[in-house]
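Numbering (mature numbering (1 follows the signal peptide of the UniProt record, and there is no 0)), first residue to last: -17 to -1, 1 to 508. Ideal Cβ placement from N, Cα and C applies to all residues, glycine included.
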Amino acid sequence: MWQFIVPIICVVAIVNAEDPYRFFTWNVTYGDIYPLGVRQQGILINGQFPGPDIYSVTNDNIIINVHNNLDEPFLLSWNGVQQRKNSLEDGVYGTTCPIPPGKNFTYIMQMKDQIGSFYYFPSLAFHKAAGGFGGIRILSRPRIPVPFPEPAGDFTILIGDWYKTNHKVLKAVLDQGKMLALPDGVLINGLGSNGAWFTVEPGKTYRLRISNVGLRNTLNFRIQGHTMKLVEVEGTHTVQTTITSLDVHVGQSYSVLVTADQPADQDYYMVASTRFTSPVLTTTAVFHYTNSRKPVSGPPPPGPTDVQWTNLTASGPRPNPQGSYHYGQINVSRTIRLSNIAGLVNGKQRYAINGVSFVPADTPLKLADYYKIEGVFRVGSIPDSTPRGRSIRLDASVMGADYRTFVEIVFENREKIIQSWHLDGYSFFVVGMDGGSWTPNSRKEYNLVDAVSRSTIQVYPRSWTAIYVALDNVGMWNLRSEFWARQYLGQQFYLRVYTPVQSVRDEYPIPTNALLCGRATGRRL
């Protein structure tokens, strides 16, 4: 039985007093939605589905008071926002107690040294299948140059696969140890075919911030008759590349520039369709010119049929923006090889990393670590590489890592699905990707000069992807599959980045308004 202490909220943050504050009050409720033409119970934020955008500037302090009016505990997490020194605000169960029904919690975050396109989502109980997600945009400070002219408009585009089935029913299927059927359709900004409209003026250029907020499928995004220029990937400006379509894997975010340079007397399709599925699920929105006289008509343009390499080879900016941080010249102190597998445990479907399927502990792991509560988790309960055999065991898996080390992580996908992996609290350099098995000789093909930096990366079937990570953010950080049923049934763990020195220079103390639950109930804040 959960017990909660909900103290009177006193917003105290260790932040630069010169940086602006932005305050939000969000009411989370159930409400009727009709994304695929049938009535469903959705999760709304301030009555909206999807939820409102978070609009901010680098280093802004974001204060979000979330009131949970659902009939079950609720948490929001911030996909790609790094939460510097502050994993207790990360909004996943391994770090943060859920907000009880009828209660509220105030998230205190700073968009420290970040720019770019991200999104937020509910992280508990398969709530993501009901909504509760929205876009995050972090603009550069006015005096910091951006490598393209200011666009005429800036649109958030949230794409994702969707089920008509209630999220509680989907969760019950997973709790019974069964697999979910294929999704029923695809949404653009919470709407089905031609539901969303984006109005543009002829000759002007617009920024589109595209995030895949879905549950399992890679989606291809394209605009009929138009090209797109890729300019940003999850907080990194890229070498600008002109493309006709873009694969957006689950959990990923991109920015593209689109110029309204086609005949302006008609509207055009915006299309999102599943990749590597049978059947292919497709939805459309309308790219509407202000003086259009003709609506969209006919079939939408088809997507590609082969693997797209655009978002694999996208390079980071040259020269390195810091001018001195050359990741390819830093010695790697540790190699971690992570393999995903599926299997049955006691007759029920589970998913695992390196043979360990994650099960939540009775207390958030970060709180147990902070209060030194024994018996909640064990550092090292997941190995650095896959053990022999394909057996799966259950554990609240935590991998230990030392602060300020530089590590190589190799994601090895031996299955026939596309995997998508996300690491909270960090951006990492994507240095290599190929089919087949990874070996030490694979390092000869790494990009050690201008690899893109991001927080979510795909791994193709029977392939591998390698990343470099500078572990410069102390805390307990979730590393998870973005294939959400797999995440729910165990394909995740926590990376404990640790230093024995306790200092606010390395990690902020527990927030004064923190919720305490499980074995941390009654502890002193």
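Thinking just about the alpha-carbon of each residue, which of the options is nearest to the one in residue i?
| i | options | result |
| --- | --- | --- |
| Tyr38 | Gln249, Thr79 and Ser100 | Ser100 |
| Tyr353 | Asn69, Tyr409, Gly63 and Tyr334 | Asn69 |
| Ser403 | Asn195, Pro166 and Gly208 | Asn195 |
| Gln485 | Leu478, Leu498 and Gly458 | Gly458 |
| Thr227 | Pro366, Asp73, Thr257 and Thr210 | Thr210 |
| Lys349 | Gly330, Arg437, Ile324 and Ala503 | Ala503 |
| Tyr272 | Ile46, Thr242 and Val214 | Thr242 |
| Ser176 | Tyr102, Val214 and Ala255 | Ala255 |
| Val432 | Pro128, Lys277, Gly311 and Lys187 | Gly311 |
| Leu153 | Asn496, Phe476, Asp455 and Arg469 | Arg469 |
| Ser123 | Leu213, Trp61, Asn42 and Ile91 | Asn42 |
| Arg120 | Ser236, Ile319 and Ile127 | Ser236 |
| Arg276 | Ile356, Val290 and Pro246 | Pro246 |
| Asn29 | Gly14, Gln23 and Leu19 | Gly14 |
| Tyr334 | Ala434, Met92 and Ser464 | Ser464 |
| Asn87 | Leu53, Lys212 and Gly326 | Leu53 |
| residue 511 | Ile324, Phe7, Ile91 and Phe116 | Past the boundaries of the shown model lies residue 511; the chain is included only from -17 to 508, so the question cannot be answered. |
| Arg317 | Ile400, Val452 and Gly419 | Val452 |
| Ile46 | Leu27, Tyr4 and Leu59 | Tyr4 |
| Pro444 | Val11, Ile400 and Pro285 | Ile400 |
| Val339 | Tyr477, Asp73 and Thr288 | Tyr477 |
| Ser380 | Val214, Tyr386 and Phe360 | Phe360 |
| Gly173 | Val21, Glu398 and Ile356 | Val21 |
| Thr18 | Gln31, Asn10, Thr12 and Trp9 | It is worth fixing the name first, because residue 18 is Pro in this sequence and not Thr. Of Gln31, Asn10, Thr12 and Trp9, the residue nearest in Cα terms is Gln31. |
| Asp289 | Leu229, Gly234 and Thr267 | Leu229 |
| Lys212 | Val49, Tyr189, Thr265 and Gly197 | Tyr189 |
| Ala155 | Phe116, His110, Leu141 and Val487 | His110 |
| Glu398 | Val442, Tyr409 and Ile375 | Val442 |
Since residue i contacts residue j with CB under 8 Å, what's their CB separation in whole angstroms?
| i | j | result |
| --- | --- | --- |
| Asp407 | Trp460 | 5 Å |
| Ile440 | Phe412 | That belief does not hold up - the Cβ atoms of Ile440 and Phe412 are roughly 10 Å apart, past 8 Å. |
| Met253 | Phe181 | 7 Å |
| Gly25 | Ala108 | So it is not a contact: roughly 14 Å between Cβ atoms. |
| Phe466 | Arg192 | Actually they do not touch by this definition, with Cβ atoms about 23 Å apart. |
| Leu170 | Arg258 | Wrong, their Cβ atoms sit about 16 Å apart, outside the cutoff. |
| Thr369 | Asn337 | 5 Å |
| Leu321 | Phe394 | 5 Å |
| Pro494 | Ile82 | That pair is no contact at about 14 Å. |
| Ser438 | Glu217 | 5 Å |
| Leu141 | Tyr102 | 7 Å |
For residue i, count the other beta carbons within 10 Å of its own beta carbon; 16 or more makes it buried, fewer makes it exposed. Which is it?
| i | result |
| --- | --- |
| Gln(-15) | Below a pLDDT of 50, predicted positions are generally treated as unreliable, and Gln(-15), at 40, falls in that range; no measurement from the model is reported. |
| Glu490 | buried |
| Pro302 | Unreliable placement is indicated for Pro302, whose pLDDT of 45 sits below 50; no coordinate value is reported for it. |
| Met382 | buried |
| residue 571 | Examination of residue 571 is not possible in this model, given that the chain is present from -17 through 508 alone. |
| Leu498 | buried |
| Val480 | buried |
| Glu1 | exposed |
| Gly306 | Because the pLDDT of Gly306 is 44, which lies under 50, any placement of that residue in the model is unreliable, and the number read from its coordinates should be weighed accordingly. Classification for Gly306: exposed. |
| Phe6 | exposed |
| Arg507 | exposed |
| Met(-17) | Any reading at Met(-17) must be qualified, since the residue scores a pLDDT of 35, below 50, and its modelled position is unreliable; the value itself is stated next. So Met(-17) counts as exposed. |
| Leu327 | exposed |
| His309 | exposed |
| Asp244 | exposed |
| Gly505 | exposed |
| Pro304 | Since pLDDT at Pro304 reaches only 44, below the 50 mark, its modelled position is unreliable, and no value is offered. |
| Thr346 | buried |
| Ile(-4) | In this predicted model, Ile(-4) has a pLDDT of only 43, less than 50, meaning its place in the structure is not dependable; the value taken from the coordinates is given anyway. Exposed, by the Cβ-count rule. |
| Lys427 | exposed |
| Ser261 | exposed |
| Met416 | buried |
| Arg371 | exposed |
Identify every residue that forms a DSSP beta bridge with residue i.
| i | result |
| --- | --- |
| Trp447 | Glu395 and Asp417 |
| Glu215 | His220 and Ser238 |
| Gln245 | Answer is none; Gln245 lacks a bridge partner. |
| Gly14 | Gly25 |
| Asn461 | Tyr477 |
| Trp145 | Gly168 |
| Val44 | The residue you asked about is not Val; residue 44 is Asn in the sequence shown. DSSP output for Asn44 lists Tyr4 and Gln93 as bridge partner(s). |
| Asn195 | Ile142 |
| Arg317 | Val390 |
| Lys277 | Gln249 |
| Gln332 | Leu327 |
| Trp61 | Tyr103 |
Answer with yes or no whether the minimum CB distance from residue i to chain D is below 9 Å.
| i | result |
| --- | --- |
| Ser438 | This model lacks chain D altogether, as it is built from one protein chain only. |
Checklist entry - Given 8 Å as the limit, is there contact between the region 147 to 163 and the region 59 to 69, that is, 3 or more CB pairs closer than that? => result no
Next on the checklist: Within 8 Å, do at least three Cβ pairs link the region 96 to 110 to the region 358 to 372?
Outcome noted: no
Item to check | Stretch pair the region 119 to 137 + the region 159 to 166: three plus CB contacts closer than 8 Å | outcome: no
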